[in-house]
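Contents: one structure, followed by commentary.
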Amino acid sequence: MTPPRRGRHAAPAREPRRAPEHGAKRIGTLYEISKLLTHFVSTTEEVVRALLAIMTKELPLRSAVLIEKAGERPAKIVWHAPEFSPSELEAAEARARTSFDYLTRTAAPEPESIVPGTGAAAPPPSDAPRPDPGKFLSLPLIVQGRPVFGVLHLEGEAPFDEADLAFASAISNQLAITIERFHARLKELEMRRRAEAGEKSARRELSLRRGVESEVRALNADLERRVAERTAQFQETIRELHAFTYSIAHDLRAPLRHIHGFSDLLLGTADERTLQSYVSRIKAASEGMDVLINDLLAYSRLTLEDVKLEPVSLSEILAGVRSELKGELESRGGFLEAADPLPRVQGHKVQLKQAVYNLVSNALKFTAPGVAPRVSVTAEERDGRVRLWVRDNGIGIAPEHQERIFGVFQRLHGVEAYPGTGIGLAIVRRALERMKGSSGVESRPGEGSRFWIELPKEQVPA
Amino acid sequence: MSPRGFVILAVEDDPDDVFFLKTAFAELGLPDCLRVARDGEEAVDYLQGQGAFADRGLYPPPSLVLLDLKLPRKSGFEVLEWRRLEPAFRRIPVLVLTSSRSQADVAHAYDLGANAFLVKPIDAREQVRLVAAIRSFWLDLNLLP
Ligand SMILES: Nc1ncnc2c1ncn2[C@@H]1O[C@H](COP(=O)(O)OP(=O)(O)OP(=O)(O)O)[C@@H](O)[C@H]1O
Ligand SMILES: [Mg+2]
Chain D
0 MTPPRRGRHA APAREPRRAP EHGAKRIGTL YEISKLLTHF VSTTEEVVRA
50 LLAIMTKELP LRSAVLIEKA GERPAKIVWH APEFSPSELE AAEARARTSF
100 DYLTRTAAPE PESIVPGTGA AAPPPSDAPR PDPGKFLSLP LIVQGRPVFG
150 VLHLEGEAPF DEADLAFASA ISNQLAITIE RFHARLKELE MRRRAEAGEK
200 SARRELSLRR GVESEVRALN ADLERRVAER TAQFQETIRE LHAFTYSIAH
250 DLRAPLRHIH GFSDLLLGTA DERTLQSYVS RIKAASEGMD VLINDLLAYS
300 RLTLEDVKLE PVSLSEILAG VRSELKGELE SRGGFLEAAD PLPRVQGHKV
350 QLKQAVYNLV SNALKFTAPG VAPRVSVTAE ERDGRVRLWV RDNGIGIAPE
400 HQERIFGVFQ RLHGVEAYPG TGIGLAIVRR ALERMKGSSG VESRPGEGSR
450 FWIELPKEQV PA
Chain F
0 MSPRGFVILA VEDDPDDVFF LKTAFAELGL PDCLRVARDG EEAVDYLQGQ
50 GAFADRGLYP PPSLVLLDLK LPRKSGFEVL EWRRLEPAFR RIPVLVLTSS
100 RSQADVAHAY DLGANAFLVK PIDAREQVRL VAAIRSFWLD LNLLP
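Residue numbers (numbering that gives the first Met the number 0), protein chains in the order written: chain D, 0 to 461; chain F, 0 to 144.
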């Protein structure tokens, strides 16, 4: 994946096919799903069916096949659109099976068919229509640190795009956790039953009942904790959605209004110079709108995408950022000095690069007129964490604004003084939170700023 | 003081929106009646006659404030909150003039004591009519304190 670059110098990111409201609706759907899974007490099959029902509202699915072997016996669950023919279904199941074999890298045991009337997978009949491969999506079922134990294979009416992939993998991740947990609990109960079956005395029975009671209590406590966690997560999402609608209402309308306004004025103007200036303002407004949309999408991607943390070299990240900002550095006559080597951290390459890019580009931007920017990047290691500092010789920030600027679309200046949309630091904060890190700033007006981000040290896989 | 005897303070950070306002005021023959503060902090400074706005000859107390909501440093809501606690400025009418039609924004602005909530017009002619209407209602018809 290419880093989601943003801003005026950034190449436009590949945009998802759907409009942003669609993303908002999907967040709602993910919420629905999480609610469902939090309260999940029934069998896997019921859950999977409920989930598929929700998922088909968002993705144009023709069929979905789930194969998993988390429990003692492998299981298969099949869903398909009503008009699906048996041969099509067979082909879809065979493809699911191939993905399963491939992803779990085992000679898969014969899946037990739960759906009546659908036998074990057979190779697809050669006369079956060959669907477009972009319409297939096989998602591994995996719980952190364990081997893949299943696959969710989706076949769509139309090719899936990146946004669909992000959405579907968010679901399959949740599903994997749920199935895993379900089997773990089954196993535990079974073991307990066996252990207790041999002992028949009344006392045993009493203690057994106590055991069950305490288990129920523990289960409830666990459930409550999970609900609280999810609720907090969703409150955060809802706050973000708010910020989003707010910015769409305020910021996205502005350039449109300007384009319209200047076009009106154009119609009544004969003077060549005035005409030119209106046209260039129209151009600027439409470019501004493009930047804004890209920024919003970059930010929303942060909320929806799952991040996998892995060892990352900060030196490499900085080298990448430096080369992207080369033009900017040269034109501003500034320089960027960095400690070498910088430590390695546990993070997500793309998001980390985005965060460092945003900090360094701010450091280059917010200098007093006529002052060449000097930026220095250093790192500090303490207690298993790495703090990266980005210092500048810029205008500095008054204490009362230092928290505010990390919010979405919070700026301290008009666009005339310093261009920008005010999302850069919101992305930094969000990205760091997602990587189990933190971010902040120390500064005083007129004395430059020292922005920092902090992450866990790299964890070398055993 | 402007030759007309009144001044309107527009709190607006967007240079294009400032341009449209200036054009509308000029078209109505009121080019000297408009003053601009570019963020919430400047608005407070202006009203208090401090900082860059200490010269009351150049920056007389406004008869009316046009307030955008999304502003750098201090938002329009924060300016409204501040004004509520300031007896000296509570009576100056504040007309919110913004891009948003959000019902939540409208309710919040009125709760904080805004006197009107206007949506920035998309059309330049409409902008002139709006300024004319503001002038005739708020400054000619309405009795101000
Ligand atoms: N290094 C800095 N020195 C001084 N002020 C800063 C610095 N970095 C950020 N700020 C202040 O914080 C505000 C928010 O920064 P942020 O990066 O979120 O937005 P932006 O740079 O204005 O726009 P964008 O990054 O979206 O193009 C800036 O508008 C600026 O006022
Ligand atoms: Mg920035």
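The beta carbon of each residue, even a glycine, is placed where N, CA and C say it ideally should be.
Quantities reported herein were computed from a predicted structural model and do not represent experimental measurements.
Where do the ends of the alpha helix (DSSP H) carrying residue i lie?
i              : result
E77 (chain F)  : 75 to 83
K21 (chain F)  : 14 to 26
H249 (chain D) : It is not in any alpha helix (DSSP H) - H249 (chain D) carries neither H nor E in the DSSP assignment.
R429 (chain D) : 423 to 433
D391 (chain D) : That residue, D391 (chain D), is in no alpha helix (DSSP H); its beta strand (DSSP E) goes 384 to 391.
P85 (chain D)  : 85 to 103
E309 (chain D) : Not the alpha helix (DSSP H): E309 (chain D) falls in the beta strand (DSSP E), residues 309 to 312.
E41 (chain F)  : 39 to 47
When you compare the CB of residue i with every CB in chain D, is at least one pair closer than 8 Å?
i              : result
A123 (chain F) : yes
K69 (chain F)  : yes
K119 (chain F) : yes
P86 (chain F)  : no
D12 (chain F)  : yes
D15 (chain F)  : yes
L129 (chain F) : no
F52 (chain F)  : no
R90 (chain F)  : no
What is the DSSP secondary structure of residue i, counted as helix, strand or coil?
i              : result
E441 (chain D) : strand
L8 (chain F)   : strand
S322 (chain D) : helix
K69 (chain F)  : coil
T377 (chain D) : strand
T97 (chain F)  : strand
G155 (chain D) : strand
K134 (chain D) : helix
D160 (chain D) : coil
M0 (chain F)   : For M0 (chain F), the predicted structure reports a pLDDT of 48, less than 50, and the residue's modelled location is therefore unreliable. A value from the coordinates is still provided. It is coil, neither helix nor strand.
G149 (chain D) : strand
E336 (chain D) : strand
R34 (chain F)  : strand
R48 (chain D)  : helix
S299 (chain D) : helix
V64 (chain F)  : strand
When the Cα of residue i is compared with those of the options, which residue comes out closest?
i              : options                        : result
S448 (chain D) : D:P372, D:T177, D:A162, D:L207 : D:P372
A378 (chain D) : D:A367, D:V407, D:R343, D:Y356 : D:R343
V389 (chain D) : D:S322, D:E441, D:T230         : D:E441
T103 (chain D) : D:K134, D:P139, D:I76, D:K325  : D:P139
Y417 (chain D) : D:D382, D:P368, D:S213, D:D391 : D:P368
How far does the beta strand (DSSP E) with residue i in it reach, from first residue to last?
i              : result
L138 (chain F) : Taken as a continuous stretch (DSSP letters only), L138 (chain F) belongs to no beta strand (DSSP E), as it is neither H nor E.
A115 (chain F) : 115 to 118
H79 (chain D)  : 74 to 79
Q345 (chain D) : 343 to 346
R61 (chain D)  : 60 to 67
F450 (chain D) : 448 to 455
Anyone know if the C-beta pair for residue i and residue j falls short of 8 Å?
i              : j              : result
W78 (chain D)  : S62 (chain D)  : yes
G413 (chain D) : R82 (chain F)  : no
A354 (chain D) : I452 (chain D) : yes
G333 (chain D) : G395 (chain D) : no
I176 (chain D) : V150 (chain D) : no
L317 (chain D) : V376 (chain D) : yes
Q350 (chain D) : A430 (chain D) : yes
L313 (chain D) : L251 (chain D) : no
L94 (chain F)  : I133 (chain F) : yes
H182 (chain D) : A69 (chain D)  : yes
A248 (chain D) : S99 (chain F)  : yes
L358 (chain D) : F243 (chain D) : no
K134 (chain D) : A169 (chain D) : no
D12 (chain F)  : L68 (chain F)  : no
V130 (chain F) : L27 (chain F)  : yes
G319 (chain D) : K352 (chain D) : yes
L84 (chain F)  : L138 (chain F) : no
Quick one: is residue i near chain F, going by C-beta distance under 8 Å?
i              : result
D289 (chain D) : no
H152 (chain D) : no
V414 (chain D) : yes
A284 (chain D) : yes
L274 (chain D) : no
S442 (chain D) : no
R410 (chain D) : yes
Legend entry - Chain-ordered residues of the stretch 23 to 57 of chain F with a beta carbon less than 8 Å from chain A: No chain A is present in this structure, whose protein chains are D and F.
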